[in-house]
Structures are given as C-alpha cells and as structure tokens.
Amino acid sequence: MKRRRFLISLAPALITPTWAARAWATTIPRALAVPGGIARISLGASEQAPRANLGGTPVLVVRDDGEWIALVGIALATKPGSKLRVEAQRPGGSNERFEISIAPKAYAEQHLKVPQGQVDLSTKNLARYERERTHMSDVLKTFSESPPATLAMLQPTPGERSSTFGLRRYFNGQARSPHTGMDIAAPAGTPVIAANEGRVIDTGDYFFSGQTVVLDHGQGLLSLYAHLSAIDTTVADTVAAGAVIGKVGATGRVTGPHLHFSVYLNAVPVDPALFLRD
Ligand SMILES: [Zn+2]
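For what it's worth, the working numbering labels the leading residue of the sequence shown as 142, then goes sequentially.
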C-alpha cells in the first residue's frame with residue numbers, strides 16, 4: 142500500500158509542463174561528444190554572455206533555460222579518446238577551461254573502384270579546386286555576434302534523408318575527405334528553403350559542390366546547400382526560415398539530382414540530423 146502511494150505521488154512531478162519545456166529546449170541540437178558531433182558545455186547564469194573558444198576559434202554561446210551554454214562543433218578528423226580544450230571568458234574577466242573527452246563513433250566506409258583518370262584532376266581543375274577550397278574555408282570561418290533565432294532547423298527540401306554524414310570514401314584504395322553533409326533525394330527543380338533565419342554570405346558555382354548557397358545564422362552556425370540547379374537569392378540578403386533560396390539540381394561533381402545540406406559550427410561540419418526534428 143505504502144509503495145503504491147509513493148509511486149502515485151511521483152507521477153505529477155514527471156509530467157509537469159516545465160519539465161517538458163526544459164527537455165524540449167535541450168533536445169535540439171542533440172549533443173554528443175563524438176567526431177562530427179556537438180559538445181554542450183554549461184557556462185552558468187550571468188547577466189552578460191560569456192565568450193568561449195576552441196583553440197582560438199570562437200564557439201556558439203546561447204542562453205538556454207536561464208543559463209549560458211556553449212555548443213562546440215567537433216571536427217570529423219578528431220581522434221576518439223583525445224580531449225578538446227575549450228576556454229571560456231566570464232563577463233567579469235575570469236577564465237575557465239573545460240575538457241571535452243571525445244567518444245568513438247564508427248562511420249560507414251565506401252570503397253569505389255574507378256578508372257584512375259576519373260580520380261586525378263587535370264592541372265587546370267586542380268588549380269580551380271585549390272582556389273575554391275581557400276575561398277570556402279574563409280567563408281566557413283564567418284562568425285557574427287548576433288545569436289541564431291532558433292537552433293532547430295527545417296529540412297530544406299522534402300525527400301528521403303540519407304544518413305551518409307561522415308561516410309569515409311576511398312577511391313581505388315585512396316582515402317578522400319569524408320562526406321560533410323546530408324544528401325536529400327529530390328527531383329531537379331524542387332524548391333530548396335532556408336533551414337533557419339539567416340543572412341546569405343556566399344553564392345557560387347564550384348567544381349565539386351556546383352551551384353552553392355551558404356547562410357550565416359549567427360555565432361558561427363552556418364548552413365550550406367549544394368548542387369543547386371538555380372540560386373534564387375543574393376549575397377547580403379536576409380532570409381526567413383522557410384524562404385526559397387534555390388532549386389534542387391545536379392551541378393558540380395554528382396551522379397544525379399539531390400540536395401547536399403551541410404551545417405557548420407565553429408568552422409567544422411557537424412551532422413545536420415542533430416538540428417532536425419525527426
Ligand atoms: Zn553530399
């Protein structure tokens with residue numbers, strides 16, 4: 142009898158709306174300290190926002206449920222078992238160090254055998270790719286002070302999401318860069334929308350990613366849309382979440398139409414699925 146009463150008295154505490162709201166607020170993005178994942182660090186409550194950085198690169202700091210939290214993007218190349226050091230500066234001036242232990246995550250491997258001529262780029266294309274890589278690396282370092290309107294993102298085009306983020310690709314036994322985004326299958330011409338409110342910081346037609354748009358959502362949270370058949374926005378435009386920014390296509394180095402969607406935090410790609418509702 143006693144035991145039953147105890148259980149009943151617990152029940153209301155488990156279903157209070159505040160508890161549900163808290164859980165929701167902390168659900169997106171889903172934090173998991175693995176390569177390609179996101180570490181969540183509690184920085185406590187203070188009037189003004191603290192700042193935080195990872196090896197000198199500023200990281201996203203937002204207020205969540207009355208406290209400040211840092212959300213740190215973990216590069217895919219980070220070794221499991223290693224530790225990342227995040228430094229936080231309090232508004233008062235004191236510094237604090239946090240260590241993030243990186244847990245392992247096994248990403249799938251894909252081995253392809255292709256004629257060597259298709260793997261090696263011509264001198265001209267290699268030079269173009271090097272130029273574009275430098276440009277894109279500068280774009281992806283963008284850090285603007287205003288915080289994102291929200292951390293939850295919209296799926297940018299309807300269609301089946303592949304879970305190939307982090308896929309390790311080998312061409313004829315040679316390792317290539319891992320897959321930095323999520324591919325969404327959709328017919329060419331399907332509208333692509335902004336996953337979150339933001340500012341257009343780059344548009345271009347690149348060797349590998351084809352027609353591409355990059356949005357800045359604030360505090361180093363960026364999103365990238367590639368292989369578009371059309372770009373319907375311009376650099377410096379402000380776009381609302383859900384605004385059409387282009388159309389699905391097959392531009393760049395692809396075998397068929399789909400949307401490649403990437404999300405960046407502190408200049409590293411993280412799994413876009415962590416920002417999407419199921
Ligand atoms: Zn892709």
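C-beta atoms are modelled at their ideal positions from N, C-alpha and C, and glycine is treated no differently.
Only residues of its own chain outside the window of five on either side were considered, and among them F312 have a CB closer than 6 Å to the CB of L253, listed in chain order. Judged by DSSP in its simplified three-state form, S187 adopts coil rather than helix or strand. Its Cα nearest to that of I215, the residue L201 stands out among L201, D205, W209. When V380, Q315, G322, G397 are compared, the shortest CA-CA separation from A414 is found for G322. In the structure shown, A329 falls within a coil segment according to DSSP collapsed to helix, strand and coil.
Nearest to R238 by C-alpha distance, out of L195, G397, N407, D343, is L195.
DSSP places T275 in the uninterrupted alpha helix (DSSP H) bounded by 264 to 280. One Cα belongs to P191, the other to P299, and the distance between them is close to 38 Å. Three or more beta-carbon pairs separated by less than 8 Å link the stretch 387 to 396 to the stretch 351 to 365, which places the two stretches in contact. Short of 6 Å from the beta carbon of R231, and not among the five residues preceding or following it, lie these beta carbons of its own chain, in chain order: P191. Under the three-state reduction of DSSP, L400 is assigned to strand. Rounded to the nearest whole angstrom, the C-alpha separation of F284 and H358 is 9 Å.
Every residue with a CB closer than 6 Å to a heavy atom of ligand 1 is listed here in chain order: H320, G322, D324, H401.
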